[in-house]
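Residue numbering for the sequence shown follows the numbering used here, starting at 606 and increasing by one per position. Below: the structure, in structure tokens.
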Amino acid sequence: MKLVEVVAAVIRFDNKFLCLQRGKSPYDYVSLKYEFPGGKLEIGESRQQALIREIEEELDYAIQVEREFLTVEHQYPDFLLLMYSYLCTAKDVNFTLTEHIDYKWLTVNQLESLDWAAADRAIVKQLVSENDIKRI
Numbered sequence: 606m607k608l609v610e611v612v613a614a615v616i617r618f619d620n621k622f623l624c625l626q627r628g629k630s631p632y633d634y635v636s637l638k639y640e641f642p643g644g645k646l647e648i649g650e651s652r653q654q655a656l657i658r659e660i661e662e663e664l665d666y667a668i669q670v671e672r673e674f675l676t677v678e679h680q681y682p683d684f685l686l687l688m689y690s691y692l693c694t695a696k697d698v699n700f701t702l703t704e705h706i707d708y709k710w711l712t713v714n715q716l717e718s719l720d721w722a723a724a725d726r727a728i729v730k731q732l733v734s735e736n737d738i739k740r741i
């Protein structure tokens, strides 16, 4: 089984989180699902470098990486995903969608209302849990 390692940015601005909707895909399990932005690491790149690069490429957006958040391991039908998520902040809400079809800024209590990609659901669950004990 193929292992795919990725990074994901859990971006917060004004107590809301950036949620991006994927476009139509031949893979039903991610088609039109919401996710936290990010992508694959390139050779020689640290996770944080990859995260900043991916956000710049996908959104033309500058973020500040605050801390590691949650590492998610999820088995999709044709690969095993290992996703390293980081809590991040942004100075504004001005970005450009280049790979996604929609976005939403949601409070932590609104996150569960979206149809998330399976691997990202673990991040949503952890955000809700940590919010309940005021750790985020």
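Cβ coordinates follow ideal geometry from the N, Cα and C atoms, glycine included.
What does phenylalanine 618 pair with, by DSSP beta-bridge criteria?
Here residue 618 refers to the residue found at position 13 when the sequence shown is read from its first residue. Answer by DSSP bridge pairing, in chain order: Lys621.
Just reading off the beta strand (DSSP E) that valine 677 is part of, what are its end residues?
As a first step, residue 677 must be located in the sequence shown, where it is residue number 72. Segment 669-681, the beta strand (DSSP E) holding valine 677.
Confirm, please, whether the CB-CB distance from alanine 724 to leucine 686 is below 7 Å.
Taking the first residue of the sequence shown as position 1, residue 686 is located at position 81. Taking the first residue of the sequence shown as position 1, residue 724 is located at position 119. Yes, these two residues count as a Cβ contact at 7 Å.
Report all residues from its chain with a CB closer than 6 Å to the CB of glutamine 626; omit the five preceding and five following residues, and keep chain order.
Position 21 of the sequence shown, counted from the first residue, corresponds to residue 626. So the list reads Tyr639, His705, Ile706, Asp707, once near-sequence residues are dropped.
Between which residues of its own chain and leucine 656 is the CB-CB distance below 7 Å, once the five residues before and five after are set aside?
In the sequence shown, residue 656 corresponds to position 51, counting from 1. Hits under 7 Å: Val612, Ala614, Gly643, Val670, Tyr691.
Let me check understanding here. Comparing Cα to Cα, which of Tyr689, Leu664, Arg672 lies closest to valine 609?
By one-based count along the sequence shown, residue 609 stands at place 4. That would be Tyr689, whose Cα lies nearest to the Cα of valine 609.
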